[in-house]
Amino acid sequence: SCSRAKDVTMPAKLPVNFFSTRSPVIDLFRGQLDYADHLRQDSEIVLYFFYAPWCGQSIAAREEIEHVASRLSDQVLFVAVNCWWNQGKCRKQKHFFYFPVIHLYHRSFGPIEYKGPMSAVYIEKFVRRVMTPLLYISSRSKLLDFLSNYEPGVLGYFEFNASPQPPGYLTFFTSALHSLKKDYLGTIRFGVITDKRVAEEISLVHSGSVYLHRHVNTSLIYPDDIMNYTAENICKWALENREMLIRWLRPHGGKSLLLNNELKKGPALLIFIPYNPLAEIHPLLDEITKVALEYHNCNKSPAAEPDPQDLGDTDSPASDSSVLDAHGKLSETFSITKYPCCNTVVLPQWHSISRTHNVCELCINQTLGVKPNKVHVPHCNFLEIEAALDSFYLQEHTFFQVLSNTIECSNFLSFYSPFSYYTACCRTVNRHFLSLISSEKTIFQTPKVAFSSHGKKDNTQHSIPHIEDRNCFIPDLQISGTNITGLSCRTNKTLNLYLLDSNLFWIYAERLGASRSTHLKEFAAIVDLKEEVHYILDQNQSLVGSTLENFIKNFSVLYSPLKRHLVDDSSVHVGEQRVITEVTTTTFHDTVFLSEKNVLLLYYAQWCGFCASLNHIFIQLARLLPPDNFTVAR
1 SCSRAKDVTM PAKLPVNFFS TRSPVIDLFR GQLDYADHLR QDSEIVLYFF YAPWCGQSIA
61 AREEIEHVAS RLSDQVLFVA VNCWWNQGKC RKQKHFFYFP VIHLYHRSFG PIEYKGPMSA
121 VYIEKFVRRV MTPLLYISSR SKLLDFLSNY EPGVLGYFEF NASPQPPGYL TFFTSALHSL
181 KKDYLGTIRF GVITDKRVAE EISLVHSGSV YLHRHVNTSL IYPDDIMNYT AENICKWALE
241 NREMLIRWLR PHGGKSLLLN NELKKGPALL IFIPYNPLAE IHPLLDEITK VALEYHNCNK
301 SPAAEPDPQD LGDTDSPASD SSVLDAHGKL SETFSITKYP CCNTVVLPQW HSISRTHNVC
361 ELCINQTLGV KPNKVHVPHC NFLEIEAALD SFYLQEHTFF QVLSNTIECS NFLSFYSPFS
421 YYTACCRTVN RHFLSLISSE KTIFQTPKVA FSSHGKKDNT QHSIPHIEDR NCFIPDLQIS
481 GTNITGLSCR TNKTLNLYLL DSNLFWIYAE RLGASRSTHL KEFAAIVDLK EEVHYILDQN
541 QSLVGSTLEN FIKNFSVLYS PLKRHLVDDS SVHVGEQRVI TEVTTTTFHD TVFLSEKNVL
601 LLYYAQWCGF CASLNHIFIQ LARLLPPDNF TVAR
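Residue numbering for the sequence shown follows my numbering, beginning at 1 and increasing consecutively.
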């Protein structure tokens with residue numbers, strides 16, 4: 001009997017150093033995970049770099065990690081662990097699906113996984129965030145700097161006088177680390193205030209209070225009476241309630257639904273700018289975020305940008321005044337634009353003789369009634385307008401009776417709340433005036449104030465009013481005007497705004513139509529997935545606030561003057577006389593649609609094998625068809 005030879009398996013070669021022996025990175029190339037844990041005990045901040053020696057991404061990231069280590073090795077311990085060698089403890093205990101993997105530890109807290117770009121500047125920025133998760137806000141000017149940043153900010157106030165570690169401080173500190181664990185882009189910044197006077201600027205009076213700053217919506221104070229005061233809860237509350245005016249997109253390079261998930265939300269403005277996360281100032285980014293803030297600022301709120309004069313007046317008599325006299329307020333010259341939250345309602349009931357409409361400007365009047373705390377100032381939203389309309393409909397019969405060339409205003413209480421007042425200012429206009437109203441410059445400007453006799457019974461039929469776009473009636477709010485304040489709420493073509501670092505993702509810009517030869521890597525494009533169109537900003541124009549504003553306004557108008565961008569193939573030579581006409585983006589319309597002949601058109605792709613085999617049949621067909629009647633194209 002012949003016995004079968006045993007399989008012979010060649011053992012794997014012993015691993016060798018991945019990093020240089022002179023490198024500040026400790027290289028555990030045999031996968032000694034237990035020794036890595038031992039090293040962590042003596043260091044405050046530790047970065048683990050788990051790699052596979054054969055992995056291209058690990059090899060590419062090695063130089064970046066060494067660069068960061070050369071700058072921060074005196075404050076951070078850098079440990080590289082070979083997690084591929086089958087005899088090593090790392091391979092046996094960790095089961096990674098990809099390499100390299102970066103984990104950070106702040107003392108015993110961790111691991112905090114870094115998922116950003118494998119670029120030295122981005123890694124260093126993230127490591128510095130883990131080193132100092134809280135910014136110390138020591139003065140009023142630093143508070144203003146913190147609040148004026150476009151990224152969401154969370155502030156905690158703690159008195160360090162009573163004890164070296166005030167109650168709740170460690171919890172707040174840990175919540176900042178939790179946010180880095182959940183949000184690797186590090187978009188939420190955490191700050192701590194120790195000065196009582198600085199804390200009072202944002203209405204924080206009790207030690208342990210936590211404040212979430214928002215530019216457009218109302219800023220919030222952590223509700224510790226409803227939610228337990230834990231690090232996870234504070235982090236969850238901040239992430240759920242943060243305001244994202246503009247988002248960074250950082251595709252990781254592998255298969256991903258990141259762009260698809262964002263673009264299917266609606267039209268998107270993608271802005272490519274060169275970005276250095278370690279730079280102290282970003283003038284171009286500041287300009288873009290200012291445009292984003294104006295675009296989303298639907299109530300023209302002065303709170304959108306903190307004004308030095310506005311801070312510190314929370315103790316003034318005006319802020320805690322009680323009910324104001326409605327008639328006294330109306331005795332002033334009424335200007336409809338002083339209310340930030342208005343909607344124009346056209347009553348479709350025609351007056352029988354004069355064929356006229358009543359047009360009312362319905363505003364949420366925040367100057368009447370009890371003023372809430374400054375932190376909780378109510379801002380305009382659709383729910384408030386809906387409530388105002390409900391209250392208006394209940395009293396609409398009183399507004400049918402008005403027949404006046406001057407604007408007549410009336411205040412009425414909310415149907416829902418005894419503290420909400422609404423102001424309706426109505427004027428009678430004829431049909432011709434309605435059609436020309438967008439060019440009218442005098443309507444609702446310094447009108448005479450008068451009270452209507454709103455007690456008369458009305459026998460007219462009740463028809464439901466419809467809301468018109470308010471910019472027709474208020475000249476300074478027209479889309480074609482000089483600013484884009486609140487435009488996101490005044491158009492059905494609201495844009496989501498995104499930023500991409502052109503140093504890393506310029507290939508996306510080129511696919512959208514950016515020039516490959518340009519030295520200045522700045523580019524903007526609007527992508528509308530639903531309409532299957534995209535528009536690009538002319539690269540001859542510099543990417544500044546004014547050009548972005550015009551780009552957004554031109555997209556937002558009903559009949560947009562923007563020209564759809566189509567990708568063209570510059571390598572095709574169109575001028576040559578051939579049996580088959582080669583059609584490109586630029587010649588398609590003239591060759592196919594405007595041709596007097598019949599056109600037989602073949603769509604093909606370079607990678608299509610069947611198209612290549614069909615070519616000679618198509619050429620023979622082109623020779624058979626009469627050239628006077630047929631154009632054969634592809």
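In this text, a Cβ means the ideal position worked out from N, Cα and C, and glycines have one as well.
DSSP, reduced to helix, strand and coil, places residue 43 outside both helices and strands of the structure shown, so it counts as coil. Taken in chain order, the unbroken stretches of alpha helix (DSSP H) that lie wholly in the stretch 154-231 and span 4 residues or more are 169-182, 196-200. Under DSSP, residue 526 forms a beta bridge with 269, 535. Residue state for residue 240 is assigned as helix, using DSSP reduced to three classes. With 16 or more neighbouring CB atoms inside 10 Å of its own CB, residue 501 falls in the buried class. DSSP places residue 35 in the helix class (H, G or I) of the three-state scheme. With contact defined as three or more Cβ pairs closer than 8 Å, the stretch 592-601 and the stretch 560-567 are not in contact.
In the DSSP assignment, residue 289 falls outside any beta strand (DSSP E) and lies within the alpha helix (DSSP H) extending over 283-296. Residue 12 counts as exposed, since fewer than 16 other beta carbons sit within 10 angstroms of its beta carbon.
Annotation for residue 143: 137, 198, 201 place their beta carbon closer than 7 Å to its own, counting only its chain and skipping 5 residues before and after. Per DSSP, residue 631 is not a residue of any alpha helix (DSSP H); the beta strand (DSSP E) it occupies stretches across 630-633.
Take the alpha-carbon of residue 290 and the one of residue 190: they are about 22 Å apart. Rounded to the nearest angstrom, the Cβ distance from residue 493 to residue 593 is 27 Å, too far for a contact under 8 Å.
At a Cβ-Cβ threshold of 8 Å, residue 127 and residue 68 count as neighbours. Membership of residue 26 in the beta strand (DSSP E) is indicated by the continuous run 26-28.
Within the model, the alpha-carbon separation for residue 516 versus residue 87 is close to 48 Å. Residue state for residue 80 is assigned as strand, using DSSP reduced to three classes. DSSP lists 247, 270 as the beta-bridge partner residues of residue 498. Taking a contact as a CB-CB distance under 8 Å, the pair residue 94 and residue 50 counts as one, their CB atoms being some 7 Å apart. Taking a contact to require three or more Cβ pairs closer than 8 Å, the stretch 215-223 and the stretch 235-248 qualify as touching.
Within 10 angstroms of the beta-carbon of residue 578 lie fewer than 16 other beta-carbons, which makes it exposed. In this structure, 529 is the residue among 529, 299, 617 with its C-alpha nearest to the C-alpha of residue 266. An exposed status is given to residue 107, since fewer than 16 other beta-carbon atoms sit within 10 Å of its beta-carbon. Note on the stretch 52-131: whole alpha helix (DSSP H) runs with a minimum of 4 residues are 56-72, 89-93, 120-131, in chain order. Taken atom to atom, the span from the alpha-carbon of residue 346 to that of residue 421 is near 20 Å. For residue 19, the three-state secondary structure derived from DSSP is coil.
If the five residues before and after residue 211 are omitted, its C-beta is found closer than 6 Å to the C-beta atoms of 155, 202, 204, 221, all from its own chain and listed in chain order. DSSP places residue 484 in no alpha helix (DSSP H); its state is neither H nor E. Annotation: residue 134 is outside any alpha helix (DSSP H); the continuous beta strand (DSSP E) that includes it extends over 134-137. In the same chain as residue 35, and ignoring 5 residues on each side of it, the C-beta atoms closer than 8 Å to its own belong to 28, in chain order. The secondary-structure analysis by DSSP pairs residue 360 across a beta bridge with 345, 426. The beta-bridge partner set that DSSP reports for residue 599 consists of 631.
By the C-beta density criterion, residue 78 is buried, having at least 16 other C-beta atoms within 10 angstroms.
Inter-residue distance for residue 230 and residue 175 is about 8 Å (C-alpha atoms, whole angstroms).
A straight-line Cα-Cα distance of about 39 Å links residue 139 and residue 553. In the structure shown, the three-state DSSP call for residue 581 is strand.
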